[in-house]
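Heads up: the structure comes next, in C-alpha cells.
Number of protein chains: 2
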Amino acid sequence: MSASLTRIKKDFTQGLSQISRFWGFPKGMGAIFAVLYLSPTPLSLNEIVRETGLTKGAISTEIRALARMGLVHRSSRLGDRKDYYEAEADFYAAIRSILKERQNSEFDRAIRSVQGTLEAMEANWVEDEEWNFVYERVQALQEFFDAIDNLTKAVVKLEKLGFSNVTKILSVLK
Amino acid sequence: MSASLTRIKKDFTQGLSQISRFWGFPKGMGAIFAVLYLSPTPLSLNEIVRETGLTKGAISTEIRALARMGLVHRSSRLGDRKDYYEAEADFYAAIRSILKERQNSEFDRAIRSVQGTLEAMEANWVEDEEWNFVYERVQALQEFFDAIDNLTKAVVKLEKLGFSNVTKILSVLK
DNA sequence: TACTACGTTTAGTAAATACTAAACGTTCAT
DNA sequence: ATGAACGTTTAGTATTTACTAAACGTAGTA
Chain L
1028 MSASLTRIKK
1038 DFTQGLSQIS
1048 RFWGFPKGMG
1058 AIFAVLYLSP
1068 TPLSLNEIVR
1078 ETGLTKGAIS
1088 TEIRALARMG
1098 LVHRSSRLGD
1108 RKDYYEAEAD
1118 FYAAIRSILK
1128 ERQNSEFDRA
1138 IRSVQGTLEA
1148 MEANWVEDEE
1158 WNFVYERVQA
1168 LQEFFDAIDN
1178 LTKAVVKLEK
1188 LGFSNVTKIL
1198 SVLK
Chain B
1028 MSASLTRIKK
1038 DFTQGLSQIS
1048 RFWGFPKGMG
1058 AIFAVLYLSP
1068 TPLSLNEIVR
1078 ETGLTKGAIS
1088 TEIRALARMG
1098 LVHRSSRLGD
1108 RKDYYEAEAD
1118 FYAAIRSILK
1128 ERQNSEFDRA
1138 IRSVQGTLEA
1148 MEANWVEDEE
1158 WNFVYERVQA
1168 LQEFFDAIDN
1178 LTKAVVKLEK
1188 LGFSNVTKIL
1198 SVLK
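Chains as they are written, first to last, in our numbering: chain L, 1028 to 1201; chain B, 1028 to 1201.
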C-alpha cells in the first residue's frame, strides 16, 4: 500500500471518528467503521486491532453495537475460526436498520413514559386551570412523538430508501 | 399546586431527562426544558434553580445552548432585571431551528474533511486498484452526506414544517 | 458611594464513559 | 489430553463530561 494511501486512510478515519462522537457514539466506533469501510476485503478482529490501535476487548464490544445497528456485517469462512467483518456500504440500508434498532431502545421507553403521564392524568382528572395547561402540553408532545414515530416506521417499511425516494421527499417539500 | 400535579411534573421531567441523554445531551438540559415546557408562565433563572435543583451556573450555560437551538426563548420585562425563559412549544419550529444551528457545528467541519480527502486524492492521483476502491467509497459517503444535507436544507427552508407536511411525506413514501 | 440582585465565568469535583490489560471459555489441531 | 488461536467478559484506569460552589462583573437602588 502506498504511503499516501496510508495517510488518506488515517485522515478519513479521524474524520469519521469525529462524526461518530458528534452523534454521541464512542469515537472508536467511528474508527472501526472507517477502517472496514475502506477495506476491499473483510477484516478479522486482529486486523482491526492492528489498523485502529484499539484492543480486542474494545473492538469486540463496539463491533457488536455496530452489527446491531446494521452498519457492519459479520461473516465467517469455512475452515477458519476467525470472524470477519465488513462495512455496510449502502447507507440508506444502514439508516433503516438503525431506525429499526431504535424501536427497542431506551428512547422508546422514555417516550412511553410520556404516554404514561398522559394516561395517569386522564385516570385521575382534576378540573383546574394549570392541570389543563399541563395536560395540553404533554398531549402536544406526545402527538409530536407519534408523528416522528410514524415517519420512521414508514421509512423502515420501505423496501429501499434510495436516492430516488429522497428526491421524491425533496420535491414534496418544495 | 395540587400534590398530584407536582408528581406529574416530576415524572414528566424525568422522562425528558432520559430522552435528552439518549440524544447525547446532558440530562439537566432535558430537565430544564421540561420545567419550562410545563410552566404556564416564563420562569426566571432562580425559579428554574428551585424547580430543577441544579445550580445557577449550570443552568446559565445549558440554557444558552437551549436558546441557541431555539428550544427556549429568553425575554425580559421592563423594570425587572431578571431574564425570563419560556419553552418553544412548536416542536416543528424547534427541529428547523436545531437543523439550522447544526450547520455551523463540528459535524459540518468533519463532513468537510471527507470532502477534503476526496480532493486530496484527486489532486494527487495514483493508478492503483486499492486507490480506486478507496476513492469510490469515500465518494459514495460524500454523496450520501450531500443528500442528507439537501434534505435538511429543504426542511429548514420550509416556512413551516407542520403536521401536514409530515403527512405529505408519509403519503409519498407509501 | 456603597449595597443588592442579578447572570456569567472559573476552578475544582463528581459522575459517566471509553478504553486497557488480563483472565476466561471454547474450538480446533496436534 | 495439551496447546494455540480465537472472541468474550471483567475489573480496573484514564479521560471526558456534567455539575457545584464561589468569585466576579454589571446595573440598578438607596
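Every residue, glycine too, gets a C-beta built ideally from N, C-alpha and C.
Straight-line Cα distance separating residue j from residue i
i: S1047 of chain B; j: V1141 of chain B; result: 29 angstroms
i: L1072 of chain B; j: D1038 of chain B; result: 21 angstroms
i: A1061 of chain B; j: T1040 of chain B; result: 5 angstroms
i: L1081 of chain B; j: S1087 of chain B; result: 10 angstroms
i: F1052 of chain B; j: E1156 of chain B; result: 43 angstroms
i: S1029 of chain L; j: T1144 of chain B; result: 16 angstroms
i: E1133 of chain L; j: R1091 of chain L; result: 18 angstroms
i: H1100 of chain L; j: Y1111 of chain L; result: 8 angstroms
i: N1151 of chain L; j: K1187 of chain B; result: 36 angstroms
i: E1149 of chain B; j: V1165 of chain B; result: 12 angstroms
i: G1106 of chain B; j: W1050 of chain B; result: 39 angstroms
i: Q1130 of chain B; j: R1108 of chain L; result: 46 angstroms
i: A1174 of chain L; j: I1196 of chain L; result: 16 angstroms
i: N1192 of chain L; j: S1198 of chain B; result: 12 angstroms
The ligand ADP heavy atom lying under 7 angstroms from the CB of residue i
i: G1042 of chain B; result: With respect to the ligand ADP, the structure offers nothing, as it holds no ligand at all.
Partner residues on chain L for residue i, Cβ-Cβ distance less than 7 angstroms
i: M1056 of chain B; result: None at all; the shortest Cβ gap to chain L is about 13 angstroms.
i: A1174 of chain B; result: F1190, V1193
i: P1067 of chain B; result: E1157, F1160
i: L1185 of chain B; result: L1200
Neighbour list for residue i in chain B, Cβ cutoff strictly below 8 angstroms
i: T1144 of chain L; result: I1035, D1038, F1039, G1042
i: N1177 of chain L; result: V1193, L1197
i: V1182 of chain L; result: L1200
i: G1051 of chain L; result: W1050, G1051
Residue i classed as buried or exposed, judged by whether at least 16 other C-beta atoms fall within 10 angstroms
i: F1190 of chain B; result: exposed
i: K1036 of chain B; result: buried
i: R1123 of chain L; result: buried
i: S1044 of chain L; result: buried
i: A1116 of chain L; result: exposed
i: E1154 of chain B; result: exposed
i: A1058 of chain B; result: buried
i: E1089 of chain L; result: buried
i: E1078 of chain B; result: buried
i: L1185 of chain B; result: exposed
i: G1042 of chain L; result: buried
i: G1055 of chain L; result: buried
Residues that residue i contacts on chain L, provided the C-beta gap is smaller than 8 angstroms
i: Y1064 of chain B; result: R1164, L1168
i: A1085 of chain B; result: By Cβ distance, chain L contributes nothing, its closest Cβ being about 20 angstroms from A1085 of chain B, past 8 angstroms.
Reference residue i; option with closest CA among the options
i: R1034 of chain L; options: B:L1081, B:A1147, B:E1170; result: B:A1147
i: S1103 of chain B; options: B:L1188, B:I1059, B:P1069, B:A1181; result: B:P1069
i: T1179 of chain L; options: L:G1106, L:Y1119, L:R1101, L:G1143; result: L:Y1119
i: I1075 of chain B; options: B:E1113, B:A1181, B:V1183, B:E1156; result: B:E1113
i: D1176 of chain B; options: L:G1106, L:G1055, L:T1194; result: L:T1194
i: L1200 of chain L; options: B:W1152, B:A1181, B:A1085; result: B:A1181
i: E1128 of chain L; options: L:V1183, L:A1085, L:W1152, L:N1192; result: L:V1183
Interface partners of residue i on chain L, CB under 9 angstroms
i: W1152 of chain B; result: Going along chain L, no residue has its Cβ under 9 angstroms from W1152 of chain B, so there is no contact; the nearest lies around 10 angstroms.
i: S1031 of chain B; result: A1147, M1148, N1151, V1153, W1158
i: L1126 of chain B; result: By Cβ distance, chain L contributes nothing, its closest Cβ being about 13 angstroms from L1126 of chain B, past 9 angstroms.
Residue i: contacting residues in chain B (beta-carbon distance under 9 angstroms)
i: Q1045 of chain L; result: E1133, F1134, R1136, A1137, S1140
i: F1060 of chain L; result: Those do not exist, as F1060 of chain L stays about 10 angstroms from chain B at its closest Cβ, beyond 9 angstroms.
Chain-ordered chain B contacts of residue i [CB-CB under 7 angstroms]
i: A1092 of chain L; result: The premise fails here: A1092 of chain L is roughly 15 angstroms from chain B at the closest Cβ pair, so nothing lies under 7 angstroms.
**Message:** Using 8 angstroms as the cut-off, can you tell me whether the segment 1093-1109 of chain B makes contact with the segment 1117-1133 of chain B, which would need three or more C-beta pairs spanning the two stretches below that distance?
**Reply:** Touching, yes.
**Three-pair Cβ contact test at 8 angstroms for the segment 1166-1174 of chain L versus the segment 1128-1142 of chain L** = The segment 1166-1174 of chain L vs the segment 1128-1142 of chain L: in contact.
**Prompt:** Should the segment 1149-1169 of chain B be called in touch with the segment 1054-1070 of chain L, which here means at least 3 C-beta pairs below 8 angstroms?
**Reply:** yes
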